[in-house]
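A.B. asks: Residue numbers (this note's numbering): 3 to 641.
Where is the CB? At the ideal position from N, CA and C, for every residue including glycine.
Below: one structure in structure tokens.
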RNA sequence: GCCGAUGUAGCUCAGAUGGUAGAGCGCGUCCUUGGUAAGGACGAGGUCACGGGUUCAAGUCCCGUCAUUGGCUCCA
């Protein structure tokens with residue numbers, strides 16, 4: 003049979019040759035590193051014989067597929083350990099995930115706690131040393147049902163029910179047998195380092211109404227060194243946690259007494275926030291957006307009209323009642339209903355469209371308590387919202403313009419790597435959505451074409467659209483490679499309908515405009531939370547709350563420091579003076595930990611020459627320059 | 001909302017088996033007036049999240065509430 007390699011070369015092998023044998027024929031090293039083999043479009047066990055002409059690639063730790071095989075096998079190993087330590091445990095599912103694997107289990111009466119993880123880890127180490135082979139076995143549905151019925155494992159039984167006879171396989175290793183389609187490592191000894199992390203509850207099959215199982219998360223590696231690096235990375239992430247840095251750098255606070263999920267912006271945070279807003283406003287103004295400001299409450303009827311009350315009313319902050327009239331007002335959960343009312347304030351001609359209405363609007367949503375997370379998930383937050391009212395024909399162009407803004411913003415903030423997700427409707431399930439086929443086709447096409455034109459790296463998800471229109475979401479990767487969902491662009495046919503929005507067309511007839519909702523940052527809170535973690539608190543100069551700090555060598559030079567401060571302040575450079583009674587080394591350390599981009603050290607020499615000694619955050623001493631020179635260069639940097 | 005963990009000074013954390021609270025950092029005062037990542041001395045800070053209960057006695061044990069946190073579910 004002919005085996006085609008990823009580089010296109012073809013080599014002949016005997017029928018029944020396994021992936022491992024093919025790897026060996028290439029190099030000893032590859033055979034050692036191989037974890038699985040991709041045969042055509044499936045991943046197979048290395049030991050599984052190949053009988054037909056195939057395209058193959060050998061998967062190692064470097065491949066995502068290789069890691070998946072590795073972690074899937076690790077999940078089985080953990081299951082074996084669990085069964086040994088907690089006999090009678092029933093098993094749900096145990097898949098690999100982006101960083102490791104988990105297994106959902108039901109230990110019945112036996113309670114499993116954090117402390118047991120150590121024991122399980124030890125058991126896993128013991129088991130992997132046994133070098134048990136992972137053995138694949140085809141089994142009939144009847145046999146499979148019989149096996150798991152006897153084992154009294156109703157979860158596996160349920161999974162089998164949904165499979166067709168003839169496609170059921172078991173994997174055995176050591177003392178553990180699992181219903182599993184594989185693939186797996188040749189044997190357990192590939193796993194060299196084990197770490198179990200956490201116990202969590204997880205609903206069986208993700209269904210809130212079903213039993214909650216115990217989920218154990220773990221990660222394994224083929225080398226101890228890789229585990230050490232991973233743990234180090236986790237520590238780094240912890241250091242960058244926006245909740246920790248947000249407190250230390252006095253960006254925001256949360257007070258139990260004010261309410262959970264309600265971040266309060268401190269002066270340093272306000273500077274960052276206002277700078278970002280200023281930048282986006284400028285960008286929007288150039289593109290013809292107009293700013294509006296709506297109140298943060300609105301009558302309940304407004305949200306009944308918009309449909310939000312019906313859908314979210316009972317899970318929202320409940321209505322505010324007026325003292326006498328018996329009217330009910332709600333905290334606004336979205337800005338769009340207000341903006342629709344603004345649109346209706348006067349009749350519109352097609353000549354005015356697109357109308358781009360922007361507001362940094364603060365909204366309140368009663369997020370579930372378990373979801374709250376610093377700035378990243380809050381109950382009160384400010385969207386960098388805008389609604390574009392346009393004709394269907396203008397949709398694509400407007401979409402492109404929005405994508406353009408998002409790109410510019412992300413680049414400006416140093417997120418070079420970002421991707422997008424196109425969410426379309428499920429054409430087999432049209433009743434879930436509102437709007438005509440024609441409108442959907444037009445708007446989906448507009449998004450797809452806009453994405454293609456911008457050459458965005460996008461995935462398409464069918465059935466993920468909102469009920470009122472398709473959308474495009476943007477994801478960025480932060481400095482540690484973590485994905486965050488940020489900006490969103492959504493097409494909406496629903497609200498124009500509900501609010502009966504119209505414009506007069508060229509034909510002198512009334513037409514329905516289309517609305518685009520868009521928020522490039524998503525929310526100021528979420529975005530700044532991400533920015534904190536991405537930058538580790540080392541904000542770019544233009545956003546840094548304190549841009550320059552003057553460090554006098556001793557208090558003899560405080561007067562000179564004040565003079566410098568005045569010059570910098572006149573140039574709108576955010577400057578402070580460390581007039582504490584400390585030595586220069588200490589002042590530098592404090593400024594460094596305070597993440598101030600520039601330190602100006604001034605003493606006898608500097609005062610005599612009208613200069614400053616510049617020290618840059620993280621890079622150190624840049625030498626002595628004239629004050630004017632420094633102001634020039636920093637102003638240039640800020641351009 | 002659900003499962004697990006946690007809640008002690010502004011921050012980070014110690015406080016076996018119940019006997020009336022401690023460190024480092026920060027803060028204040030004083031000494032020191034210094035040249036590129038921590039100068040020194042002294043001092044002030046705590047209803048041990050809150051509410052009940054057990055006990056002669058609770059930071060410590062039990063119950064409840066609130067909050068934080070790791071997940072799950074949800075996310076206009």
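(1) Can you check which of these residues, 37, 195, 239, is closest to residue 131 by C-alpha distance?
(2) How big is the Cα-Cα spacing for residue 331 and residue 323?
(3) Residue 28: which of 454, 77, 11, 122 sits nearest, CA to CA?
(4) Would you tell me roughly how many angstroms separate the C-alpha atoms of residue 452 and residue 480, rounded to the nearest one?
(5) Is the segment 37 to 48 touching the segment 13 to 21 in the sense that three or more CB pairs, one from each, lie closer than 8 Å?
(6) Are the segment 444 to 459 and the segment 415 to 424 touching, with three or more C-beta to C-beta distances below 8 Å?
(7) Could you tell me the alpha carbon to alpha carbon distance between residue 81 and residue 157, rounded to whole angstroms?
(8) Apart from the five residues on each side of it in sequence, which residues of its chain come closer than 8 Å, Cβ to Cβ, to residue 402?
(9) Where residue 547 and residue 271 are concerned, what is the direct C-alpha to C-alpha distance, given to the nearest angstrom?
(10) Note down, in chain order, each residue of its chain lying with its Cβ closer than 7 Å to the Cβ of residue 245, except the 5 sequence neighbours on either side.
(11) Taking the alpha carbon of residue 445 as the point to measure from, which residue in 495, 13, 637 has its own alpha carbon closest?
(12) Roughly how many angstroms lie between the CA atoms of residue 135 and residue 3, to the nearest whole one?
(13) CB-CB under 7 Å to residue 543, same chain, minus the five flanking residues each way: which ones, in chain order?
(14) Identify which residue in 304, 350, 389 has its Cα closest to the Cα of residue 363.
(15) Below 8 Å, can you find three or more Cβ-Cβ pairs linking the segment 145 to 162 to the segment 185 to 201?
(16) Please say whether residue 182 and residue 192 have beta carbons closer to each other than 8 Å?
(17) Is the number of C-beta pairs between the segment 571 to 584 and the segment 554 to 562 that are closer than 8 Å three or more?
(18) Cα separation between residue 412 and residue 488?
(19) Fully enclosed by the segment 356 to 437, which alpha helix (DSSP H) runs are 4 residues long or longer?
(20) Would you say residue 306 and residue 333 are within 8 Å of each other, going by their C-beta atoms?
(21) For the alpha helix (DSSP H) containing residue 72, name the first residue and the last one.
(22) Counting C-beta neighbours from all protein chains within 10 Å, is the total for residue 234 16 or more, i.e. buried, or is it exposed?
(23) Give me whichever residues DSSP pairs with residue 108 in a beta bridge.
(24) Return the CA-CA distance between residue 508 and residue 499, expressed in angstroms with no decimal places.
(25) If you check the beta carbons only, do residue 393 and residue 297 fall under 8 Å apart?
(26) What's the gap between the Cα of residue 67 and the Cα of residue 77?
(27) Evaluate the contact criterion for the segment 31 to 47 versus the segment 57 to 65: three or more CB pairs, one atom per stretch, below 8 Å.
(28) Take residue 606 as the anchor and find which of 591, 563, 574, 624 has the nearest alpha-carbon.
(29) Nearest to residue 205 by alpha carbon, out of 289, 167, 106?
(30) According to DSSP, which residues form a beta bridge with residue 51?
(31) Per DSSP, residue 147 is paired with what?
(32) State buried or exposed for residue 372, treating a residue as buried only when at least 16 other CB atoms are found within 10 Å of its CB.
(33) By DSSP's criteria, residue 4 is part of a beta bridge. Which residues make up the other side?
(34) Note down the Cα distance separating residue 225 from residue 121, rounded to an integer number of angstroms.
(35) On the DSSP letters alone, give me the boundaries of the beta strand (DSSP E) that residue 332 sits inside.
(36) Nearest to residue 628 by CA position, among 576, 570, 524, is which residue?
C.D. replies: Straight from the coordinates:
(1) 195
(2) When the Cα atoms are used, residue 331 and residue 323 turn out to be separated by approximately 6 Å.
(3) 11
(4) 25 Å
(5) yes
(6) yes
(7) Rounded to the nearest angstrom, the two C-alpha atoms are 14 Å apart.
(8) Cβ contact annotation for residue 402 (same chain, cutoff 8 Å, sequence separation greater than five): 452, 455, 456, in chain order.
(9) 7 Å
(10) 376
(11) 495
(12) 27 Å
(13) 549, 599, 639, 640
(14) 389
(15) no
(16) no
(17) yes
(18) 10 Å
(19) As summarised for the segment 356 to 437, the continuous alpha helix (DSSP H) elements at least 4 residues long and confined to that stretch are 397 to 414, given in chain order.
(20) Cβ distance not < 8 Å, so residue 306 and residue 333 don't count as in contact.
(21) 66 to 87
(22) exposed
(23) 92
(24) The alpha-carbon separation between residue 508 and residue 499 amounts to approximately 20 Å.
(25) no
(26) 15 Å
(27) yes
(28) Closest in C-alpha terms to residue 606, from the list 591, 563, 574, 624, comes 563.
(29) 106
(30) 20
(31) In the DSSP secondary-structure assignment, residue 147 is not bridged to any residue.
(32) Counting the other CB atoms within 10 Å of its CB gives residue 372 a total below 16, which places it among the exposed residues.
(33) 14
(34) The straight-line gap from Cα to Cα measures roughly 21 Å.
(35) 330 to 333
(36) Nearest Cα to residue 628 within the set 576, 570, 524: 570.
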